[in-house]
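A short write-up of the structure that comes next.
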Amino acid sequence: MSSASNLEVLYLWGNNLSGNIPGSISNVSKLRILELEQNSFFGLIPDALGNLRFLETLHLWSNHLTTKTSTHEWSFLNSLANCRHLRILELSLNPLNGILPTSISNLSTSLQQLWVNHCKIRGSIPMEIGSLSNAILLDLSSNKLSGPIPTTIGRLKNLQLLHLYGNKLQGFIPHDLCGLKGLYKLSLGDNELDGPLPTCFSDLTSLRYLYLFSNKLHSTIPLTFWSLKDILEIDLSSNNLSGSLPLDIGNLKVLISLKLSRNLLSSDIPPTIGSLHDLQVLNLASNRLQGPIPESFGDLMSLKSLDLSNNNFSGIIPKSLERLYDLNYFNVSFNRLEGEIPSGGPFLNFTAKSFMKNYALCGSPRLQVSPCKNKIHRKFKKTALHALRYVLPTFASIIIVIAVIIVYKKKQQGNMNLAIVEDLIPVEKWRRISYNQLLEGTNGFSENNLLGSGSFGSVYKGILLDGTNVAIKAFNLQIDGAFRSFEIECEVMSNIFHRNLVKVISCCSTIDFKALVLEFMPNGSLEKWLYSYNYFLDILQRINIMMDVASALEYLHLGHPTPIIHCDLKPSNVLLDKDMVAHVGDFGISKLLGEEDSMKQTMTLATIGYMAPEYGSAGIISIKSDVYSYGILLMEIFTRKRPTDESFAGEMSMRHWVKMSLSNGIIDVADSSLVHKEDEYFVVKVNCISSIMALALDCSSDLPENRINMKDVVSMLKNIKREFLKNMEKD
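Shown next, in the form of C-alpha cells:
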C-alpha cells in the first residue's frame, strides 16, 4: 500500500475478498474514495481509516464487519471524526450490533449520506444525530431501534430522504419533521408509532413518497393532508385511522399509489377520486367503507390494482370499470354488492376470488355466482309474441328455401376443400375465415410472407379482406403430432383471455389443412430482439417484458378454473406488439390439469435448456415446470446468452454460472450492452440485475417444491422495477 501513496480512488467492490481490512490502508494518505462493499471482509472496522484526512466516500456495505464483542463499541466512529471531508458513509448489511453512539455527532458536518440499515443495532437513536447539519440522506432502517424519533432530526434542514422503517420506534411522529422543507421521501413504516397524523404534513411541499404503514397511528386523516398536490405514493395501511375520505382527495392529481387498507375508515368514497388519472394502485381493503362503488372509477385509466375487499359496499359493480384495460388485479370480496358482474375489458381475466361472499352478485358460472335472471318487461313480451305470431311463418318459409338452396349447392361442390371451420373445434368465439381467403392473404403462402417455422409448421404474415394484418400458423399435417398440436391449441386458446397472451382471431380446418389465425405482432419475437444484429433492449424494457410474461403465466396457473401448463416457454414463443408489450404464444404442447391434479406425466419433450429437471428425467410436469423455464428465460434476457451455449457443458449450466456470479460480481455475466463502469448509473443497474438474477435462481431451483409461484414473481418484479426507477431518479 505504501507504494500507492498518491492513489486517490480505490474500487475493490464486488469481489470475493475476505479477511480483515488492513490498517495499512491508511498509508494511502491521499485516498478520497474507498469502496470495499459486497465482499467478505470480517472483523473490526479499523480505526486507522481515520488517518485518511481527504476521505470523501467510504463504502463498506454488504460484508461481515462487526464491533468488539465485549463492549459493542463503535470506536471507528471516533476515528472517522478526523475525516473532515467525509460526505458518504455506507455501513449497511453488516452485523455491527451494539448501540448507535452519541459520538455520531463528531462526524464531519460535510456528511451528506449516512447508511446504516440491516446492521442489528439496538437502543434509541441519539439526539446528537441532529448535529449532522448537511445530511441529505439518513437511513437507519431494518434494525432493532426503539424509543422515540428524536426531535433533533428536524434540524437537518437539507434532509431529503429519511428511512427509519422496520424498527421498534415508539411515540408520536414529531411535528419537528414538518420543518424539513426539502424532504422527498419519508419512510417510518413497520414500527410501533402511535398518536395522530401531524396536521403540519401539508408543509412538506417537496414530499413525493410517504410510508407510515404498520404502526399504531390513531386519528382522522387531517384535511390538510390532501393538499400535498405533488405526492406520488402514500401508504398508511395497517393503522387505526378513522373518519371519511374527503372530496379533496381529488387534489392529488399525480398520485400513483394510495394504500389505506386495514384501518377504520368509514362513509362513502367521494366521486372526485376519478380525477386521479395517474393512479395505478388503490387499496382500501379491510375498512368500514360503505355506499356504492363510484361510477367515476372508470376514469382511472392508469389503474392496475384495485382492492375494495372486506368493506360494506353495496349496489352494483359499475360497467365503467370495463374501460380499465390495464387493470390486472381486482378484489371486491366480502361486501354487499349485487347485480350483474361486468363481462368486458379486464373482467375477462378475473376469477371467482375477486367476487367472493357477495351473495347477490350474478354472472358467468366460472365466477361461482348465480346466473342472472333476464327481467323482460310485460309490454315487450306482448309485442314479441305478437310479432312471432305473424312474422314466424313467413320467416320459417324463407329459411326453408335458403336451406334447400344451400343443400343443392353443397351437392354441386362435391368434396372440394373450400371448407370454412369445422364444428369439431371450439370456434364459436372466433371469426370464420375460409382457406381461399388465407391463400389470397398470404400470396399463396409465399416464402416472402414467412415469419418463422416451428416443430409442427410455419407462420406466415397475412392480410384479411378487411385489411387486418394477421399471423397465420399453418400446421404441417405430415409431421407426427401436428394434428394433436392443433387440437390442443384450439382447446386451450378458445378459453383463455389475457392481455399478455397471443389472441386468436380465427382458425381454419379442413380434412387436409389446419391453421390458426393469430393477432399480428409487428415487433416479432423476443429471440429476434436478443440475438439479431442492430436490435437492443434496455434494462427497463427487459423488466417490462418479463413482467408481462410473468403476468401471463400467473393467469395460466392461478387465474383460470383449469390450470394450464405452457410447457415450452422460450424467447421465440414470446412475441412483442407495436408497443413492445409481450404476449406468450405457441400452446402446441401445453397441458391442462384436472381438478384433482397437481402434476401430469407426458412423453412430449419441451425445448432443451428450458426444460425442468423433473420434466426431462421422468416426464413429470406441473405449473412449477413453467416457473423453472421462466427462471432460465429471466437469466437469458439479462445475460443475452442461450442456456444451450457451448460454454455450458458437464457440471456447468446457465443456473450454476449465474449463481457463482452473484458472489463474484454480476458484471461478469450481465449483458455487456447494459452496464458500463463509466455509466453514472452503474451501481443502480448492477444492483437491479443482481436482484433479478437472485429471483431467477429462486424460480429455477432443482426441486419443484423450492420454486416460488408466479404470483410472487410478479410482485417481486414490480418491487425491483419500482426500486430501480426510484434509484435512477435519485441518482
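Anchor point for the sequence shown: position 124 equals 124 in UniProt numbering, and the numbering is continuous, going up by one each time. We put the CB at the ideal spot given by N, CA and C, even for glycine.
| query | result |
| --- | --- |
| Nearest-angstrom Cβ-Cβ length linking residue 159 and residue 197, presumed shorter than 8 Å | With a Cβ gap of about 20 Å, residue 159 and residue 197 do not count as contacting. |
| Residue 574 versus 635, 638, 546, residue with shortest Cα-Cα distance | 546 |
| Check: residue 699 C-beta below 8 Å from any heavy atom of the ligand SAH | As presented, the structure is devoid of all ligands, the ligand SAH included, so that no description of it is given. |
| Cβ distance (whole Å) where residue 165 is taken to contact residue 191 below 8 Å | 7 Å |
| Span of the alpha helix (DSSP H) around residue 122 | Note, residue 122: premise wrong, no alpha helix (DSSP H); beta strand (DSSP E) at 122-124. |
| Which residues DSSP lists as bridging residue 448, in chain order | None, per the DSSP bridge assignment. |
| Where residue 353 falls: helix, strand or coil (DSSP) | helix |
| Per-residue burial, residue 540 [other beta carbons within 10 Å of its own, 16 or more giving buried] | exposed |
| Distance CB(residue 634)-CB(residue 695) smaller than 9 Å | yes |
| DSSP state of residue 359 mapped onto helix, strand, coil | coil |
| Residue 226 versus residue 200 - alpha carbon distance | 11 Å |
| Contact the region 504-517 vs the region 543-557: 3+ CB pairs below 8 Å | no |
| Limits of the alpha helix (DSSP H) - the one that residue 541 falls within | 539-558 |
| Under the three-state DSSP convention, the category residue 168 falls into | strand |
| Limits of the unbroken alpha helix (DSSP H) element including residue 698 | 682-699 |
| Residue interval of the alpha helix (DSSP H) (run including residue 287) | Careful: residue 287 lies outside any alpha helix (DSSP H) and carries neither H nor E. |
| Continuous beta strand (DSSP E) assignments of at least 3 residues falling wholly in the region 160-242 | 161-163, 168-171, 185-187, 192-195, 209-211, 233-235 |
| Host beta strand (DSSP E) of residue 608 (start-end) | Unbroken run through residue 608: none, as it is neither H nor E. |
| Boundaries (first-last residue) of the beta strand (DSSP E) holding residue 312 | 312-315 |
| Sub-9 Å separation of residue 253 and residue 219 beta-carbons | no |
| Buried versus exposed call for residue 460 [16 or more other C-beta atoms within 10 Å across all chains shown] | buried |
| Rounded separation between residue 81 and residue 692 - CA only | 38 Å |
| Residue nearest to residue 272 in terms of C-alpha spacing, selected from 674, 297, 256 | 297 |
| Local Cβ density within 10 Å of residue 230, reported as buried at 16 or more and exposed below that | exposed |
| Coil, strand or helix - residue 435 by DSSP | helix |
| Beta strand (DSSP E) segment containing residue 139, residue limits | 137-139 |
| Beta-carbon spacing of residue 145, residue 107 below 9 Å | no |
| Spatial neighbours of residue 679 in its chain, beta-carbon cut-off 8 Å, leaving aside the 5 residues before and after | 685 |
| Whole-angstrom distance between residue 559 and residue 342, CA atom to CA atom | 17 Å |
| Whole-Å CB distance - residue 644 paired with residue 670, under 8 Å assumed | Contact doesn't hold; Cβ gap of about 19 Å is too wide. |
| Cutoff 7 Å; reference residue 319; Cβ partners in own chain excluding five residues on either side | 342 |
| Within 9 Å, strictly: CB atoms of residue 697 and residue 642 | no |
| Classification of residue 381 by the beta-carbon crowding that lies within 10 angstroms, buried from 16 upward | Any answer about residue 381 is weak, because its pLDDT of 42 lies below 50 and its placement is not dependable; what the coordinates show is given next. Counting Cβ neighbours within 10 Å, residue 381 comes out exposed, since fewer than 16 surround it. |
| Paired residues, beta bridge with residue 61 - DSSP | Bridge partners of residue 61: none, in fact. |
| Nearest-angstrom Cα separation, counted from residue 285 out to residue 235 | 13 Å |
| Three-way DSSP call (helix, strand, coil) for residue 307 in this model | strand |
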